[in-house]
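Chains R and F supply the protein sequences, listed in that same order.
Heads up: the first sequence begins at 1 in our numbering, then just goes up one per residue.
Heads up: the second sequence begins at 1 in our numbering, then just goes up one per residue.
Note that the Cβ used here is the ideal one computed from N, Cα and C, for glycine as well.
Scroll down for the structure; my scribbles are underneath it.
2 protein chains.
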Amino acid sequence: MMSSRRKQSRSIAWVPTAPVGRPGARGVDADKPATQGTARANLASVQSGRHPLSNATENTRLFDYEQRTKAAFDAIVPTLKQISGLQHEADFERRAQALAQEQLGFALPATILADAWVTQLDMRRLFAWCVFQTYQRFCDDFFTNSFLSRLETEFQTFLIECGFHTLDISPCADGRLAHVISYVLRLPHKAVRRKSYAGAMFDIEDSIEKWTETELQRFREGIPTTADMPTRYMKTVVYHFSSSDPEHEGCAAHGSDAGRAAQGGLERLKAFQTAVENSFCCGASIDLMLIGLDTDNDTIRIHMPDRHGEIDLKRYLDAGDLYDATLSMQAAQAQEYVSEQVRQAGGEMSNGMQRLMGYLLVNNFSQIEYVRQYYDGRYRDIGHAERFIGAGIGFEEVQLRNLTYFAYMQTVEEAAADLDVGIKIFSKLNVSHGLPIPLVVRFDYHGQVPGARERAVGHCQRVDAALNDRYADLASNGLLHTLQVVRDCHAGGRIEVIGTSVMDEVTEEAH
Amino acid sequence: MMSSRRKQSRSIAWVPTAPVGRPGARGVDADKPATQGTARANLASVQSGRHPLSNATENTRLFDYEQRTKAAFDAIVPTLKQISGLQHEADFERRAQALAQEQLGFALPATILADAWVTQLDMRRLFAWCVFQTYQRFCDDFFTNSFLSRLETEFQTFLIECGFHTLDISPCADGRLAHVISYVLRLPHKAVRRKSYAGAMFDIEDSIEKWTETELQRFREGIPTTADMPTRYMKTVVYHFSSSDPEHEGCAAHGSDAGRAAQGGLERLKAFQTAVENSFCCGASIDLMLIGLDTDNDTIRIHMPDRHGEIDLKRYLDAGDLYDATLSMQAAQAQEYVSEQVRQAGGEMSNGMQRLMGYLLVNNFSQIEYVRQYYDGRYRDIGHAERFIGAGIGFEEVQLRNLTYFAYMQTVEEAAADLDVGIKIFSKLNVSHGLPIPLVVRFDYHGQVPGARERAVGHCQRVDAALNDRYADLASNGLLHTLQVVRDCHAGGRIEVIGTSVMDEVTEEAH
């Protein structure tokens, strides 16, 4: 893929030479009420110290990765603006290509540029083409270099010690939670199952299917634990809210109401547990965890049980409180403090459950510090700022905040509500500025299954047609562009581009 | 459900007093070439004897069930014709209701009749209403009385003795194969998994899911066999062809080409086998069987292995040939003859596989005789004559030939091709005569799973909306009517009507 680019791009920096936007946040808006989140931000700005349990080296690495990835996407608009200004000048094509190479790291499709003199440059197509090209480069980068690789085996061992053989997490599909595994919880993304749904309202039948598959593997192959080990399947929901603008920047699927979001997640969790208990005999069950995420500053809260051992919506441990309480302690003391808090709040919870909760809370300390250090304790983009929509099955590479609005889906028909939310978000973000919505249709497949690739390609084409049908007005005005990709997740290789609405030539030029 | 009807209907015969159509077939069209099928029919007509291995008692029972069920559907048109003739007469409503009660066994919705004087009777709505009412009575009948009950446990034991713990059959979705389990193969429908697809091109991922579920149940519960027993999962495809009009009345999905139909089925079987072998370790595999069905006379052929043990498209045993060869033998001798034929053709096949094949061939003898006895050896309706389309998941009650074009589906988006075939068939059968297409949307659910009923209802509504969208022209002209039903297959009860396009009152009046 991208042979011409690849020859050059390894010498050209993946980061554009003139990075755009983001860093050096201006702090909190003065006219917003000072909530817990902003208070913490102000506190952070006067503190130069680091938490003894945070991982500063990793933070540097993660920030570097986040910055250069987002900078690549955010360089597109300013570059195209410059190019737009040149379009009726002599030598336009050569100068445009030079600019693109310099600032984006790749050449633009010659045919789009060549047609500019007739009327004007088709900016919508060009913008979508650049987003898709950048997405593809981002994917290749991710699957070639392992920026986010963590010690999966080590974590898996720890998880089993805690009494769990699977950690299955359903966050909200909101782009502000796309980094929840690799950043917020600092978990190895390959060792965790992530399935995102609007409002974190995960599909119970899909989860039962995964549970069944997992159990069979334990019985047949003893992976990750043999069936006679009393380990359990852990299902976790991550709902979200905004501490500084709770009524507007919370979860759209739950009317920006943190209580409803938590309640919805808990009900779904319990329904899944009952489904497993009722569908399978011999004491089959699962364990549950409910986590809330403040998307302004990435602080998590983990809900604790009530006196009956049921998850309590009102009782939780806040990682931000724990961070502050332990900031001046020694590492061992801080660790013990957190463990003690979990123990006191945890009631009859198993030791393993307490260990896992303590682990996640401490992991989150690094992310709290990350936001304090690099974003002054509160993201500037507390609202939506996704760069594209991802729809389908896959997107393992999306581990960055506000990069992607992601809808896990098999069909447009079933996922229509989730997709509508995404289209609505991008209507504000892009369409209102005359820019199209870039939507990546993606289906991962297991290459060892005969015909699986052909079926994945078929899914892409079917979903693409259904999207163009559902959003016909946008599509016909050039305000919705799609890229179709598949990936053999068994082989673990790069993505493969199947087609795009942007132009026939994209595949020819890019591959 | 249907409280007013139920009070009366147990005394009123389910069969209309004046049965219409079907029986007393006029034999084969003289201008059609005499193929094997028709030759057999002619032979049959001169033979009064019965095969020693056929089940005459069961044939009588099955024919009775088929006749009265189809008669109930086929009484609708003549009854409505009579009613139509009365619509502008005095006392119309009373006379119409009397006719309906007498000939159909139920009352018509008063509101439709009452509006007739304004312009004329809305026959399309009335026809669809009657079909749905008859379908509902047919379902209630099926789930209340067990006309087709066979000894499941006995068959399950036999299957295990043959070395198989599951028999999973995918016939074509064509209505002429809807009776393949209960009639053609004489198997207990509850002990066999049936999933129909156009062209028998079953979904591999869906089958893998079922395989996984089955294996886990063996490991966890030892049902139907413990995991250490070397029994296997048997996947079977039933493709079809027409011996008397091979170029027109074969499988539409394969261009009415028997060779392509067999080839398509075989390829899908092998792909499923490879998928299981590649997706699971420790020698996981499945066994395969390929069956062809002559839909003119219900004779099956079972394909035999080639010298490498692979299913051979050209080598098969024809149940019709075996029937004829053994007709004058004693039962034990006939049985031995069939076994010997299978043994000779079977090569290296396991004894269990040979036993199962012999069993199916002999079971088919009863059906061959059924068609010879009641239909003069060849159905009059060798083409399509389905009464309604069934779409969704369920339809266990549909075990009759040419009653239902059935599309096993989750979404219209994925099943569009299968549905289009069904709509095309019914455009000829119904729309060309001005009658609407009656389509039942059905989702069975497992009542023990929390929220499963609500999700099934949601699926019905979503699919109903998608159908009305895809076939908007038909729907807006009253030429497509839908009935939405769900059923708790865990509880094993009746169907539950959710809604219908025919009229709001149907649920009120009918429940």
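Inter-residue Cα distance where the pair is residue i and residue j
| i | j | result |
| --- | --- | --- |
| I112(R) | C130(R) | 12 Å |
| A25(F) | Y445(R) | With a pLDDT of only 31 at A25(F), under 50, the local geometry of the prediction cannot be trusted, and the value read off the model is given with reservation. Answer to the nearest angstrom: the Cα atoms are 52 Å apart. |
| L479(R) | F127(R) | 11 Å |
| Y379(R) | R372(R) | 9 Å |
| D294(R) | A466(F) | 38 Å |
| A491(R) | A456(R) | 15 Å |
| L80(F) | L435(F) | 12 Å |
| S146(F) | S182(F) | 12 Å |
| L356(F) | M409(F) | 30 Å |
| A510(R) | E66(R) | For A510(R), the predicted model reports a pLDDT of 41, less than 50, meaning its position is unreliable; a value from the coordinates is still stated below. Their Cα atoms are separated by approximately 25 Å. |
| Q448(F) | V276(R) | 10 Å |
| R6(F) | H481(F) | With a pLDDT of 35 at R6(F), under the threshold of 50, the modelled position of that residue is not reliable, and no figure is offered here. |
| A75(R) | E454(F) | 47 Å |
| K270(F) | L288(F) | 8 Å |
| N477(F) | S427(F) | 13 Å |
| L317(F) | A325(F) | 12 Å |
| G27(F) | I223(F) | Low confidence applies here, because G27(F) scores a pLDDT of 31, under 50, leaving its location unreliable and the question unanswered by this model. |
Pair within 8 Å by beta-carbon distance, residue i and residue j
| i | j | result |
| --- | --- | --- |
| G175(F) | Y239(F) | no |
| R186(F) | Q367(F) | yes |
| R232(F) | G309(F) | no |
| A72(R) | T134(R) | yes |
| A261(F) | G199(F) | yes |
| E413(F) | E413(R) | yes |
| G390(F) | T404(F) | yes |
| M234(R) | T157(R) | no |
| E267(R) | H51(R) | no |
| R150(R) | I169(R) | no |
| F443(R) | H433(R) | no |
| L53(R) | V342(R) | no |
| F388(R) | V440(R) | yes |
Chain R residues whose Cβ lies nearer than 8 Å to that of residue i
| i | result |
| --- | --- |
| E213(F) | T212 |
| C281(F) | R220, E221 |
| L512(F) | Nothing can be reported for residue 512(F): it is not among the residues displayed for chain F, which extend from 1 to 511. |
DSSP beta-bridge partners of residue i
| i | result |
| --- | --- |
| A334(R) | None; A334(R) has no bridge partner. |
| L293(R) | H240(R), I300(R) |
| Y375(F) | DSSP lists no partner for Y375(F). |
| C172(F) | Y197(F) |
| V77(R) | According to DSSP, V77(R) bridges with nothing at all. |
| V192(F) | None; V192(F) has no bridge partner. |
| V440(R) | G390(R), L483(R) |
| A407(R) | A391(R) |
| M234(R) | L167(R), D287(R) |
| L317(F) | I302(F) |
| D488(R) | Y445(R) |
| V398(R) | DSSP, once it has assigned bridges, lists no residue as partnering V398(R). |
| V497(F) | V485(F) |
Under 7 Å by beta carbon: chain F residues contacting residue i
| i | result |
| --- | --- |
| P450(R) | A271, T274, A275 |
Within chain R, partners of residue i - CB distance below 9 Å
| i | result |
| --- | --- |
| H446(F) | A275, N278, S279 |
| I204(F) | V449, P450, G451, A452, R455 |
| A227(F) | F219, R220 |
Chain-ordered neighbours of residue i on chain R, where CB pairs are closer than 7 Å
| i | result |
| --- | --- |
| A75(F) | Ordered by position in chain R, no residue passes the 7 Å Cβ test against A75(F), which lies about 37 Å from the chain. |
| L185(F) | In chain order: nothing, as chain R lies at least about 28 Å away. |
Partner residues on chain F for residue i, Cβ-Cβ distance less than 8 Å
| i | result |
| --- | --- |
| V412(R) | E413 |
| A466(R) | E413 |
| L293(R) | The premise fails here: L293(R) is roughly 25 Å from chain F at the closest Cβ pair, so nothing lies under 8 Å. |
| L266(R) | Near L266(R) there are no residues of chain F at all, since even the closest Cβ is about 13 Å away, more than 8 Å. |
The ligand ZN heavy atom lying under 7 Å from the CB of residue i
| i | result |
| --- | --- |
| H189(F) | As presented, the structure is devoid of all ligands, the ligand ZN included, so that no description of it is given. |
Chain F contact residues for residue i, given Cβ-Cβ distances below 9 Å
| i | result |
| --- | --- |
| R462(R) | E413, E414, A416 |
| E209(R) | E209, T212, E213 |
Check whether the stretch 213-227 of chain R and the stretch 218-229 of chain F touch, using three or more Cβ-Cβ pairs below 8 Å as the test. yes
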